[in-house]
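These notes are about the structure you will find just below.
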Amino acid sequence: MPKTVLDSKTLVGKDVDDGIGTLQINGTLSTLTPPLDDVSTKIATFDFMKGQGTGITISTSEPVNPDLNPVNKKWIQIDNNKMIVNLFEWNNNVWNIETIKNIVTGQWHWIIETMSGKLYSCGSNYYGELVSNDTILRNLPTPIIGYDNPNKINCGYWTTFIEKSDGTVWCCGDNSNGDLGLGHVNVVSTFTQLPVTFNSPKKIASGGAHTIIEKLDGTVWITGNQQCINKPNTNSFVLLEGISNLNKLEVALMNDSIFIEKSDGTVWAVGSNFYGELGLSNNTRTTSFTM
Numbered sequence: 001m002p003k004t005v006l007d008s009k010t011l012v013g014k015d016v017d018d019g020i021g022t023l024q025i026n027g028t029l030s031t032l033t034p035p036l037d038d039v040s041t042k043i044a045t046f047d048f049m050k051g052q053g054t055g056i057t058i059s060t061s062e063p064v065n066p067d068l069n070p071v072n073k074k075w076i077q078i079d080n081n082k083m084i085v086n087l088f089e090w091n092n093n094v095w096n097i098e099t100i101k102n103i104v105t106g107q108w109h110w111i112i113e114t115m116s117g118k119l120y121s122c123g124s125n126y127y128g129e130l131v132s133n134d135t136i137l138r139n140l141p142t143p144i145i146g147y148d149n150p151n152k153i154n155c156g157y158w159t160t161f162i163e164k165s166d167g168t169v170w171c172c173g174d175n176s177n178g179d180l181g182l183g184h185v186n187v188v189s190t191f192t193q194l195p196v197t198f199n200s201p202k203k204i205a206s207g208g209a210h211t212i213i214e215k216l217d218g219t220v221w222i223t224g225n226q227q228c229i230n231k232p233n234t235n236s237f238v239l240l241e242g243i244s245n246l247n248k249l250e251v252a253l254m255n256d257s258i259f260i261e262k263s264d265g266t267v268w269a270v271g272s273n274f275y276g277e278l279g280l281s282n283n284t285r286t287t288s289f290t291m
């Protein structure tokens, strides 16, 4: 059983007698002793040895002493050498670890999916975009209950869309431009289902002020701000004419740019181009898809 190795520089002479925990790593048990911390110390670092003796450093911006933080403290760790991302949770004196399968980011919030299918959210929640059915900011990964093993996750600037395992599509967040396509422009802090006609979509892409969905039949629909295609704004999804059966679909978070790859492999762009972000050899805004 490999022994935990603590970074002596981090301890700064503090006791490490408290907080003995257990860490499960790929079937190998290691004892883990987090350094004793106090409220004034905001950075705590510790190392542990993996089964093959590979040391990994984890840093957190919160105290790690379980006496001060008794339950549900979580950290994200990236092992650059092995390209593995893990979520650590200190809970009832046990370190739980889950490898992260997917990370989806909005402008100020993100959602992670673990290999076991669990979802966690963190960050801004001004419009309820963390799928928590409230508007309380979270600065630690917080479980999303009831949406395990999703088919799709998409985060816009201040919006979140999830296709559940049953194919239904749910959304929440800022809706001031009709971004969510629910027929109104009110903030939606409670996770709300889209019409069943959008079940099992091929693609979902939400940006700064609009959302695009490719339905199962290959048709492409848009809601919200549509200045990028010289159309009036809508608060319900309308057909994006002339576009269907896409290979790829991307919507910019900070502006209204849209990128698509058609079924023939050609790539087209439309919308904001102030910095030349559309890659069209100019910085002229375009309101029609240009290859």
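In terms of our numbering, the sequence shown opens at residue 1 and continues consecutively.
We put the CB at the ideal spot given by N, CA and C, even for glycine.
- Task: Would you list the residues sitting across from residue 138 in a DSSP beta bridge?
- Result: Taking the sequence shown and counting its residues from 1, one reaches residue 138 at position 138. BP columns for residue 138 point to 123.
- For residue 227, three-class secondary structure by DSSP: Taking the first residue of the sequence shown as position 1, residue 227 is located at position 227. Of the three classes helix, strand and coil, the one that applies to residue 227 here is helix, per DSSP.
- Smallest Cα separation from residue 289: which of 254, 227 and 234? Taking the sequence shown and counting its residues from 1, one reaches residue 289 at position 289. Comparing Cα-Cα distances from residue 289 to each of 254, 227 and 234, the minimum goes to 227.
- Query: Thinking just about the alpha-carbon of each residue, which of 215, 186, 253 and 162 is nearest to the one in residue 239?
  - Reply: Here the question's residue 239 lines up with position 239 in the sequence shown. When only C-alpha atoms are compared, the closest one is 215.
- Residues of its chain near residue 202, where Cβ-Cβ distance is below 8 Å and the 5 sequence neighbours each way are ignored: The residue labelled residue 202 in the question sits at position 202 within the sequence shown. Answer for residue 202: 214, 215, 216, 218 and 246, listed in chain order.
- Message: For residue 145, report the span of its beta strand (DSSP E) as first-last.
- Response: Residue numbering aside, residue 145 sits at position 145 when the sequence shown is read from its first letter. Looking at the DSSP string, residue 145 is not in any beta strand (DSSP E), and its letter there is neither H nor E.
- Closest by C-alpha distance to residue 154, when choosing among 184, 177, 107 and 178: Residue mapping note: residue 154 aligns to position 154 of the sequence shown, counting from 1. Selected option, being the one with the closest Cα: 107.
- Query: For residue 187, does the three-state DSSP call read helix, strand or coil?
  - Reply: Residue numbering aside, residue 187 sits at position 187 when the sequence shown is read from its first letter. Looking at residue 187 - three-state DSSP - the assignment turns out to be coil, as it is neither helix nor strand.
- Query: Going straight from the alpha carbon of residue 268 to that of residue 225, what length do you get?
  - Reply: Here residue 268 is taken as the residue at index 268 of the sequence shown, counted from 1. Here residue 225 is taken as the residue at index 225 of the sequence shown, counted from 1. Distance between the alpha carbons of residue 268 and residue 225: 19 Å.
- Query: Tell me the DSSP bridge mates of residue 252?
  - Reply: On the sequence shown, residue 252 is found 252 positions in, with the first residue counted as 1. DSSP output for residue 252 lists no bridge partner at all.
- Just how far apart, CA to CA, sit residue 71 and residue 284? As a working mapping, residue 71 is identified with position 71 in the sequence shown. As a working mapping, residue 284 is identified with position 284 in the sequence shown. Only weak support is given to the placement of residue 71: the predicted model assigns it a pLDDT of 38, under 50, and the question is left unresolved by the model.
- Helix, strand or coil at residue 192 according to DSSP, with G and I counted as helix: Along the sequence shown, read from residue 1 onward, the residue named residue 192 stands at position 192. The answer is strand: DSSP assigns residue 192 an E or B state.
- Nearest-angstrom beta carbon gap, residue 127 and residue 170 [assumed within contact, 8 Å]: Taking the sequence shown and counting its residues from 1, one reaches residue 170 at position 170. Taking the sequence shown and counting its residues from 1, one reaches residue 127 at position 127. Their Cβ separation, rounded to whole angstroms, is 15 Å, which puts residue 170 and residue 127 out of contact at 8 Å.
- Taking the continuous beta strand (DSSP E) assigned at residue 234, which residues delimit it? Looking up residue 234 in the sequence shown gives position 234. It spans 234 to 244 - the beta strand (DSSP E) in which residue 234 sits, taken as one unbroken run.
- Item | Integer Cβ distance of residue 179 from residue 205, believed to fall under 8 Å | Here residue 179 refers to the residue found at position 179 of the sequence shown. Here residue 205 refers to the residue found at position 205 of the sequence shown. Not confirmed; about 12 Å, so no contact.
- Message: If contacts are defined as beta-carbon pairs under 8 Å, then residue 235 and residue 167 qualify, I think. What distance do you get, rounded to the angstrom?
- Response: If you number the sequence shown from 1, residue 235 lands on position 235. If you number the sequence shown from 1, residue 167 lands on position 167. About 24 Å separates the two Cβ atoms, so there is no contact after all.
- Query: What is the rounded straight-line gap between the Cα of residue 125 and the Cα of residue 251?
  - Reply: Indexing the sequence shown from 1 puts residue 125 at position 125. Indexing the sequence shown from 1 puts residue 251 at position 251. Their Cα atoms are separated by approximately 21 Å.
- Query: residue 160 and residue 146: beta carbons closer than 8 Å?
  - Reply: Counting from one through the sequence shown, the residue named residue 160 turns up at place 160. Counting from one through the sequence shown, the residue named residue 146 turns up at place 146. Cβ atoms of residue 160 and residue 146: not closer than 8 Å.
- Of the residues 229, 194, 258 and 148, the one placed nearest residue 237, counting alpha carbons only: The count along the sequence shown starts at 1 and reaches residue 237 at position 237. Minimum Cα distance to residue 237 is reached at 194.
- Task: Go through its chain and collect everything with a Cβ distance to residue 185's Cβ below 8 Å, but skip five positions before and after it.
- Result: Along the sequence shown, one-based indexing puts residue 185 at 185. Once the five neighbours on either side are set aside, the close Cβ partners of residue 185 are 175, 176, 177, 178 and 235.
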